[in-house]
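The structure under discussion appears below in the form of structure tokens.
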Amino acid sequence: MPIHRWIIPKGYLSAEEKGVLSEKITDIYEGVGLPRFYVVVFFVELEGHDFYYGGKPAKSFVRIDVEHIARNFGDAPVAAKKEFLDKYEAVIEPWIKGRGVDWEVQIKDICDRDLWHENGRSPPAIGSVEETIWKKENRPVPDDELAAIKATL
Amino acid sequence: MPIHRWIIPKGYLSAEEKGVLSEKITDIYEGVGLPRFYVVVFFVELEGHDFYYGGKPAKSFVRIDVEHIARNFGDAPVAAKKEFLDKYEAVIEPWIKGRGVDWEVQIKDICDRDLWHENGRSPPAIGSVEETIWKKENRPVPDDELAAIKATL
Amino acid sequence: MPIHRWIIPKGYLSAEEKGVLSEKITDIYEGVGLPRFYVVVFFVELEGHDFYYGGKPAKSFVRIDVEHIARNFGDAPVAAKKEFLDKYEAVIEPWIKGRGVDWEVQIKDICDRDLWHENGRSPPAIGSVEETIWKKENRPVPDDELAAIKATL
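Protein chains in written order, with full-length UniProt numbering: chain A, 1 to 153; chain B, 1 to 153; chain C, 1 to 153.
Shown next as structure tokens:
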């Protein structure tokens, strides 16, 4: 987590564009302290007969669904949420607004870290040394390795 | 939002049937005051080896997942929820119960409007003049246009 | 419900493996008292250009998304959540950890039973005689049949 699901009309984005977009979305979270590998992005391409916007085939509409878990807004003020949404909109702009389609973004603040595992274990606490190591290594570092790295700090 | 995800066995519905179903689902929400374009419906067709119901290939089972955001039940009484579910069941009946399959409907009451954007901006407040204009125009009317329309009211 | 969505790299699991995995996941819930048919499992296979992990094509990464509704953790202690996650991890181990991929499991505790229908009706209350009959029959037994069965108990 976070996980971003992009539902797009068939053929709307090229493989290369998806790659660039995924990198840029990942950058947002790395910028606020998350390990890059926490970020999952996937694209679902649908034909007009499988995707409807207002009851009509969605041929120029993109639906973006985001779920947060590693970090949550919780009781954060509305301004913090707007700031994040606006940052996200700015990042995706060239592929979305810039092309004249309609689009919708929804972020779901899913929040139980106790129901989340990476490679079979609970991710380290927010702001912990362990999390910093996971971030630096960019992988779910196993406990024994983690202990060894901590011993060298 | 709302967004309806229908997971169906491969080939269960024709393109035409999907279109009709999407229109009828959209009608429900228009009937309670939402702009039609708020409603997104999409179909995911799966082969038996990718879709399981009780551990067996789901060849005559339909899974319907609904997420609400533009309007929520919140603290509404159970009766209001049942009423909505029953209305929904009545609408989809010809394609579902009427064909003898098993099916499951689940509505998720996702509720943070501050984490929702249409075409890069927060949708207007529930019951506002702006929302009425969005509904009438059936599109996310940009702010400048919205001001111009309001000036003529 | 529960519903398990497995997002996997294209071709990662065979049809047979998916079947076995679905049965074993279903077993977990049957073991804690749920009717087997409550459990829905589906697999989404994605190409590397449609699925990203840390901004890179997810060629050896599996994303497992679980939603609970028939039973919820609610205020259960963290230990109960860990216990369930660990049980789940043990069940999927041969297809996941045993093959050296990276993976993520997230359980969402979706909890409004009043917004859930099986075959057009609200499922019986937890622990009720009716639920026991649904479990034994392994299908959403209609009310009239349910009354007939109860009369024989």
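Glycine included, C-beta positions come from ideal geometry on N, C-alpha and C.
Computed from a prediction, not measured in an experiment: that's the story for all the values here.
Residue i (DSSP reduced to helix, strand or coil)
i	result
residue 46 of chain A	strand
residue 105 of chain B	strand
residue 65 of chain B	strand
residue 8 of chain B	strand
residue 3 of chain A	strand
residue 121 of chain B	strand
residue 129 of chain B	helix
residue 96 of chain C	coil
residue 90 of chain B	helix
residue 22 of chain B	helix
Inter-residue spacing [alpha-carbon to alpha-carbon] between residue i and residue j
i	j	result
residue 145 of chain B	residue 138 of chain B	14 angstroms
residue 95 of chain A	residue 102 of chain C	30 angstroms
residue 54 of chain A	residue 72 of chain C	34 angstroms
residue 81 of chain A	residue 59 of chain C	32 angstroms
residue 98 of chain C	residue 104 of chain C	14 angstroms
residue 136 of chain C	residue 84 of chain B	30 angstroms
residue 25 of chain B	residue 6 of chain C	27 angstroms
residue 117 of chain C	residue 38 of chain A	34 angstroms
residue 129 of chain B	residue 30 of chain B	16 angstroms
residue 40 of chain A	residue 132 of chain A	19 angstroms
residue 33 of chain B	residue 9 of chain B	33 angstroms
residue 143 of chain A	residue 23 of chain A	28 angstroms
residue 43 of chain A	residue 51 of chain C	7 angstroms
residue 107 of chain B	residue 106 of chain A	16 angstroms
residue 67 of chain B	residue 45 of chain C	23 angstroms
residue 17 of chain C	residue 62 of chain C	14 angstroms
residue 150 of chain C	residue 125 of chain C	15 angstroms
heavy atom of the ligand HEM below 8 angstroms from residue i C-beta
i	result
residue 18 of chain B	Although the ligand HEM was asked about, the structure shown includes no ligands whatsoever.
Chain C contact for residue i (CB, 9 angstroms cutoff)
i	result
residue 15 of chain B	no
residue 108 of chain B	yes
residue 112 of chain B	no
residue 68 of chain A	no
residue 74 of chain A	no
residue 139 of chain B	no
Beta-ladder partner(s) of residue i, from DSSP
i	result
residue 57 of chain B	B:52
residue 116 of chain B	A:106
residue 78 of chain C	None, per the DSSP bridge assignment.
residue 41 of chain B	A:52, B:4
is_contact[residue i, chain B] using C-beta, thresh 9 angstroms
i	result
residue 205 of chain A	Residue 205 of chain A cannot be examined here, being either before or after the span of chain A that is shown, 1 to 153.
residue 122 of chain C	yes
residue 25 of chain A	no
residue 146 of chain A	no
residue 203 of chain A	The requested residue 203 of chain A does not occur in the structure, where chain A is confined to residues 1 to 153.
Any C-beta of chain A under 9 angstroms from that of residue i
i	result
residue 57 of chain B	no
residue 38 of chain B	yes
residue 136 of chain B	no
residue 81 of chain B	no
residue 31 of chain B	no
residue 214 of chain C	Only positions 1 to 153 of chain C appear in the structure, and residue 214 of chain C is not among them; the question remains open.
residue 7 of chain C	yes
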